[in-house]
Amino acid sequence: MAIVIFSILIIGGFYLFTKNVIQIRSNILLGRDIDRSDRSSERWRTMILVALGQKKMFTRPIPALLHLCLYVAFIITQIELIEILADGFTGSHRLFRSSLGGFYTFMISFIEILSVLAFVATVFFLSRRNLLKLPRLNMKELTGWPTKDANLILIMEIILVCFIFMMNGADEVMYNRGISHAAHGMKDSFNFSISGCLGPMLFGGVSDGSLEIIERIGWWGHLIMVLTFLNYLPYSKHLHIVLAFPNTYFSNLDNKGKFTNLASVTEEVKKMMDPSIDPFASIGNESEVPQRFGAKDVTDLTWKNLLDAYSCTECGRCTSSCPANQTGKLLSPRKIMMDTRDRLVEVGEGIRKNGKDYLDGKSLLGDYISEEEIWACTSCNACVQECPVNIDPLSIIVDLRRYLVMEESKMPTELTGMMSNIENNGAPWQFSPADRGNWVNEL
Amino acid sequence: MTTPFQVATMAELLAKGETADILFWVGCSGSFDDRAKKITKAVAKILHACNVKFAVLGAEESCTGDPAKRAGNEFTFQMQAMMNIQVLDGYEVKKIVTACPHCFNTLKNEYPELGGKYEVIHHTQLIQELINQGKLAIKGGDLYKGKKITFHDPCYLGRANDVYEAPRSLIEKLDAELVEMKRCKTNGLCCGAGGAQMFKEAENGNKEINIERTEDALETSASIIATGCPFCNTMMTDGVKNFNKEQDIQVLDVAELIANAADL
Numbered sequence: 252m253a254i255v256i257f258s259i260l261i262i263g264g265f266y267l268f269t270k271n272v273i274q275i276r277s278n279i280l281l282g283r284d285i286d287r288s289d290r291s292s293e294r295w296r297t298m299i300l301v302a303l304g305q306k307k308m309f310t311r312p313i314p315a316l317l318h319l320c321l322y323v324a325f326i327i328t329q330i331e332l333i334e335i336l337a338d339g340f341t342g343s344h345r346l347f348r349s350s351l352g353g354f355y356t357f358m359i360s361f362i363e364i365l366s367v368l369a370f371v372a373t374v375f376f377l378s379r380r381n382l383l384k385l386p387r388l389n390m391k392e393l394t395g396w397p398t399k400d401a402n403l404i405l406i407m408e409i410i411l412v413c414f415i416f417m418m419n420g421a422d423e424v425m426y427n428r429g430i431s432h433a434a435h436g437m438k439d440s441f442n443f444s445i446s447g448c449l450g451p452m453l454f455g456g457v458s459d460g461s462l463e464i465i466e467r468i469g470w471w472g473h474l475i476m477v478l479t480f481l482n483y484l485p486y487s488k489h490l491h492i493v494l495a496f497p498n499t500y501f502s503n504l505d506n507k508g509k510f511t512n513l514a515s516v517t518e519e520v521k522k523m524m525d526p527s528i529d530p531f532a533s534i535g536n537e538s539e540v541p542q543r544f545g546a547k548d549v550t551d552l553t554w555k556n557l558l559d560a561y562s563c564t565e566c567g568r569c570t571s572s573c574p575a576n577q578t579g580k581l582l583s584p585r586k587i588m589m590d591t592r593d594r595l596v597e598v599g600e601g602i603r604k605n606g607k608d609y610l611d612g613k614s615l616l617g618d619y620i621s622e623e624e625i626w627a628c629t630s631c632n633a634c635v636q637e638c639p640v641n642i643d644p645l646s647i648i649v650d651l652r653r654y655l656v657m658e659e660s661k662m663p664t665e666l667t668g669m670m671s672n673i674e675n676n677g678a679p680w681q682f683s684p685a686d687r688g689n690w691v692n693e694l
Numbered sequence: 127m128t129t130p131f132q133v134a135t136m137a138e139l140l141a142k143g144e145t146a147d148i149l150f151w152v153g154c155s156g157s158f159d160d161r162a163k164k165i166t167k168a169v170a171k172i173l174h175a176c177n178v179k180f181a182v183l184g185a186e187e188s189c190t191g192d193p194a195k196r197a198g199n200e201f202t203f204q205m206q207a208m209m210n211i212q213v214l215d216g217y218e219v220k221k222i223v224t225a226c227p228h229c230f231n232t233l234k235n236e237y238p239e240l241g242g243k244y245e246v247i248h249h250t251q252l253i254q255e256l257i258n259q260g261k262l263a264i265k266g267g268d269l270y271k272g273k274k275i276t277f278h279d280p281c282y283l284g285r286a287n288d289v290y291e292a293p294r295s296l297i298e299k300l301d302a303e304l305v306e307m308k309r310c311k312t313n314g315l316c317c318g319a320g321g322a323q324m325f326k327e328a329e330n331g332n333k334e335i336n337i338e339r340t341e342d343a344l345e346t347s348a349s350i351i352a353t354g355c356p357f358c359n360t361m362m363t364d365g366v367k368n369f370n371k372e373q374d375i376q377v378l379d380v381a382e383l384i385a386n387a388a389d390l
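Those protein sequence lines, which keep their order, are chains A and B. Counting in my numbering, the first sequence runs from 252 upward without gaps. Counting in my numbering, the second sequence runs from 127 upward without gaps.
See below:
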C-alpha cells in the first residue's frame with residue numbers, strides 16, 4: 252500500500268513539475284531571438300564561477316556565507332532524497348546503509364550538520380526580513396505576495412529540516428531500543444553527528460509506538476515537502492535555484508557599456524545615406540508586418556530578458572545600488588524584473604487560453620512600468636554589476652525607452668531638444684559646428 | 127609652461143601628405159564646454175610634450191550619438207555613427223584617444239557593428255602608457271605631494287569597460303595620497319549624468335544624485351576630487367558648490383593633474 256501511495260505521489264509530483272517547466276519554457280520563448288550560442292567555453296566558465304561558485308554573492312560576505320549554507324545543504328540533502336526514493340519504491344529502510352557502511356554514517360552526519368547550518372541561516376534570513384526590517388527586503392514593490400512568497404520558502408525550509416531530524420532522531424532512539432527497521436533486533440547507535448544526541452534528548456521518553464509514528468511522519472513529511480517545494484518553485488521567486496545556471500550561461504559577455512545595435516534601423520539609415528538607392532522602390536515583402544522598434548510589451552523583449560525575469564529572486568541588490576532609487580526616484584530595477592515576469596505570466600496564460608494572437612489590451616509599458624521609472628535611469632550599470640545571477644535590467648529599460656522615443660516620440664521635452672541639436676548641429680547643445688575647433692586657438 | 131603650439135586637423139595633415147599616429151577625439155563637452163575645454167587643452171599639452179603625432183577632426187567631428195542612443199533614439203545615433211565612420215575611414219584612422227568615457231564607450235563598443243573598427247583608448251590609458259615609456263617626466267612632483275586625492279569612477283569607464291587602474295596609477299605617480307570613497311571601482315556610485323540625464327531635469331525624488339556622490343567624496347576629506355569624464359566633472363563641481371566647499375576642494379581631471387604636475 253505504502254509503495255502505491257509513494258509511487259502516485261512521485262509520479263504526480265514530477266508530472267506537474269514537468270508541465271510547469273514546459274509552460275515556463277514556452278513563455279520564455281515568446282521573446283524575440285538573440286544569439287547567445289557563441290563563446291561556449293567562456294559561458295561555461297561564467298556559469299561555474301557565478302552560479303555554482305556564487306562569486307558575485309561574496310561582495311557581501313555575511314549573507315553570502317549563510318546563503319552558501321542553505322545552498323550546499325540543499326544540494327547535499329538531495330543525496331538523502333535518493334535513498335528515500337529507493338526505500339519508497341522497494342519498501343526497504345535505509346537501503347544504502349549496509350552496503351556503504353562507514354561512508355553512510357559520514358554522509359548522513361554531513362547532511363545533518365549542513366541541515367543545522369541551513370536552519371540557522373533560515374532563522375537569520377527570516378529575522379532579517381521580518382524583525383530587522385532590512386530596507387532592501389521591505390520596499391513597496393514587495394508588498395503582498397512577494398513578501399509572503401519569501402517567508403513561505405523560508406518556513407518550508409525550516410519544516411523540511413524538522414522532518415529530517417524527526418526521522419533520524421526517532422530512528423536513533425528506536426535503534427537504541429533494538430526496534431529500528433534498519434537493523435532488526437540490534438541495540439546500537441547510528442552514530443550520526445546531530446541526531447545521535449538530539450534524538451535521545453527529544454524522543455528518549457516517547458513510547459515505542461509513538462516513535463514509529465514520529466519516524467514515519469519525518470520520512471513522509473520530508474518527501475512531501477520536497478514534492479511541494481518542487482511544484483511551488485514555478486510560481487515562486489525561488490526558481491532562481493534552477494534558472495541561475497542557464498541564466499549565467501547565457502549572460503551578456505560583451506562590455507557592459509555596449510548597447511545592442513538595432514539592425515532594422517541600420518537598414519533604414521543606410522537607405523537614407525545611400526544616394527544610389529531608389530527611395531520609392533518596394534520595401535520587400537509587403538505582407539510582412541514590420542517589427543516594432545524597442546519594446547512595449549514582454550513579447551518585444553528578447554528571450555534572455557524573459558529568462559532574466561524568471562531567474563530573479565527579488566534580493567534587491569540591484570535596487571539598493573541604483574543611484575536613482577537611492578535618491579528617492581520611482582525607479583527600482585528589481586521592480587522592472589518583477590513586472591516583466593508578472594506580465595509574461597499573464598500574457599502566457601492569455602495565449603494558452605485564447606490562442607496565439609490573443610491581445611488583452613494591456614502592455615508592460617504603461618500598465619506595469621511607468622514612463623517616469625524608465626526616464627530616471629542613468630544607465631550606470633550598477634544593477635547589472637550587482638546581480639548575483641547576471642540579470643540585466645538595463646537592457647529592458649533601454650528597449651522601453653526605444654519604443655517610447657522611436658514609436659511614440661514621447662520623451663522629456665529637454666531630450667527632444669538635445670536630439671534635434673545633435674541632428675542639426677552635431678552636438679547635444681546649440682553650438683555651431685564651425686566653432687568645434689576653437690579651443691586650439693586658446694593653447 | 128608649454129610654449130604655444132598648433133594642433134593640426136586631419137584635413138591639414140592630409141593636405142600636407144602627412145598622417146597622424148593617433149586621432150584625438152575631443153567630444154562635444156571637450157569642444158564647447160568652457161570647463162571641459164581645459165581638460166582638452168591639458169590632454170593636448172601632454173600629447174604635444176610627449177611628441178605624439180596626433181591630430182583632431184576639428185569642424186569635421188560630430189557627436190558620437192551617445193546621448194541619443196542612451197535615450198532610446200537609435201535613428202539619430204546610427205545617423206551620427208555612420209557619418210562619423212565615413213569621416214574616420216576617409217582619413218584611414220586606426221587609433222583614437224578620447225577624454226570622454228561616453229565617446230570612448232560608443233566608439234569602442236558600438237561603432238564596430240556599424241563598420242567603424244578602430245583601436246580606442248581613454249586618455250588616462252594613453253597617458254599611463256606614455257609615462258611608462260618614459261616620454262613624460264613629472265618633474266619635482268611637489269605640487270600634489272602628500273595631498274589627499276580621491277578618484278570618482280566614471281560609469282562608462284569603470285563598470286561599462288572595466289578600466290579602473292589606469293587613472294589610479296596616474297594619481298599614484300603624483301606622490302599624492304589616493305583615498306578611496308566607500309563606494310568605488312565596481313561599486314562606484316554614478317554622478318547622475320549618464321543615460322542622457324545630463325540633458326534633462328531629474329525625475330522627482332528626495333535628493334540629487336550628484337549631491338549623494340559628493341557626500342561620498344567629502345567623507346574622504348580629500349582636497350581634490352579627480353575624475354576622468356567631463357560630465358562627472360560638471361556634476362561633482364556642482365556638488366562641491368552645493369556644500370560651499372569650492373574654496374577647499376578642487377574637482378580636476380586626471381589629465382589636468384598630470385599636466386599641472388609636469389608643469390605643462
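Glycine included, each C-beta is placed from N, C-alpha and C at the ideal position. These figures come from a predicted structure and were not determined experimentally.
Nearest to residue i by alpha carbon, out of the options?
i, options, result
"L149/B", "N231/B, Y244/B and I257/B", "Y244/B"
"M310/A", "L183/B, E239/B, V366/B and R309/B", "Note on residue identity: the sequence assigns Thr, not Met, to residue 310/A. Answer by Cα proximity: R309/B."
"P314/A", "C566/A, F441/A, Q577/A and D338/A", "C566/A"
"D286/A", "L336/A, Y500/A and S444/A", "Y500/A"
"I275/A", "L595/A, P684/A, T667/A and D611/A", "L595/A"
"N676/A", "S188/B, F203/B, D159/B and Y290/B", "S188/B"
"E239/B", "F203/B, A146/B, Q254/B and A322/B", "F203/B"
"A137/B", "L173/B, K371/B, V219/B and T128/B", "V219/B"
"E338/B", "Q577/A, W680/A, N278/A and Y619/A", "Q577/A"
"V640/A", "K509/A, P497/A, I620/A and R652/A", "P497/A"
Specify, as a first and last residue, the run of the alpha helix (DSSP H) that residue i falls within.
i, result
"K270/A", "A253 to I279"
"L481/A", "D459 to Y483"
"L296/B", "E291 to E298"
"K171/B", "D160 to A175"
With respect to the beta strand (DSSP E) encompassing residue i, which residues constitute its N-terminal and C-terminal limits?
i, result
"K274/B", "K274 to F277"
"T202/B", "Run containing T202/B: none in the beta strand (DSSP E); it sits in the alpha helix (DSSP H), E200 to G216."
"H248/B", "E245 to H248"
"Q376/B", "Q376 to D379"
"L642/A", "Rather than Leu, the amino acid found at residue 642/A in this sequence is Ile. First-last for I642/A: undefined, no H or E at that position."
"V656/A", "Careful: V656/A lies outside any beta strand (DSSP E) and carries neither H nor E."
"L149/B", "I148 to W151"
"A286/B", "Where A286/B is concerned, there is no enclosing beta strand (DSSP E), given that its DSSP letter is neither H nor E."
So residue i packs on residue j, CB below 8 Å; how close in whole Å?
i, j, result
"V424/A", "P451/A", "6 Å"
"I264/B", "A348/B", "With 8 Å as the limit, I264/B and A348/B do not qualify as a contact, their Cβ atoms being about 19 Å apart."
"L474/A", "L260/A", "7 Å"
"A225/B", "K179/B", "Not really, about 18 Å apart at Cβ, beyond 8 Å."
"Q206/B", "A194/B", "7 Å"
Leaving out five residues before and five after residue i in sequence, what residues of the same chain have Cβ atoms less than 7 Å from its Cβ?
i, result
"E293/A", "L504"
List the residues of chain B whose Cβ lies closer than 8 Å to the Cβ of residue i, in chain order.
i, result
"V520/A", "F201, Q204, M205 and M208"
"E659/A", "Under the 8 Å cutoff, chain B gives no residues; its nearest Cβ is about 11 Å from E659/A."
Run down chain B in chain order and give the residues with a C-beta less than 7 Å from the C-beta of residue i.
i, result
"C628/A", "G321"
"R653/A", "G198 and E200"
"Q636/A", "R285 and T312"
"R242/A", "Outside the shown range of chain A (252 to 694) lies residue 242/A, about which nothing can therefore be said."
"K507/A", "R285 and A286"
"F340/A", "Within chain B, no residue comes near F340/A; the closest Cβ sits about 50 Å away, beyond 7 Å."
"L666/A", "A197, A322, F325 and K326"
Could you list which residues in chain A have their beta carbon closer than 7 Å to that of residue i, in chain order?
i, result
"Y290/B", "Going along chain A, no residue has its Cβ under 7 Å from Y290/B, so there is no contact; the nearest lies around 12 Å."
"C176/B", "The premise fails here: C176/B is roughly 15 Å from chain A at the closest Cβ pair, so nothing lies under 7 Å."
Report the neighbours of residue i on chain B: residues whose CB is nearer than 9 Å to its CB, in chain order.
i, result
"I642/A", "Result: empty, since nearest Cβ-Cβ is about 15 Å, beyond 9 Å."
Just checking: is the beta-carbon of residue i within a distance shorter than 8 Å of some beta-carbon in chain D?
i, result
"G191/B", "Included in the structure are the protein chains A and B, with no chain D among them."
Residues in its own chain within less than 8 Å of residue i by CB, not counting five upstream and five downstream?
i, result
"S515/A", "P541, Q542 and F544"
"I375/B", "A343, L344, A348, S349, I350, I351 and V366"
Spatial neighbours of residue i within its chain, please: CB distance less than 6 Å, with the 5 preceding and 5 following residues excluded, ordered by chain position.
i, result
"K274/B", "E303, V305, A348 and S349"
"G314/B", "D279 and G284"
"P584/A", "C569, T570, C573, C634 and P644"
"N390/B", "The question names Asn, but residue 390/B is Leu in the sequence shown. Excluding positions up to five away in sequence, the list reads T128, K171 and A175."
What in chain A is Cβ-close to residue i, meaning under 9 Å?
i, result
"V133/B", "G688, W690, V691 and L694"
Strictly below 8 Å CB to CB, what residues from chain A border residue i?
i, result
"Y282/B", "G508"
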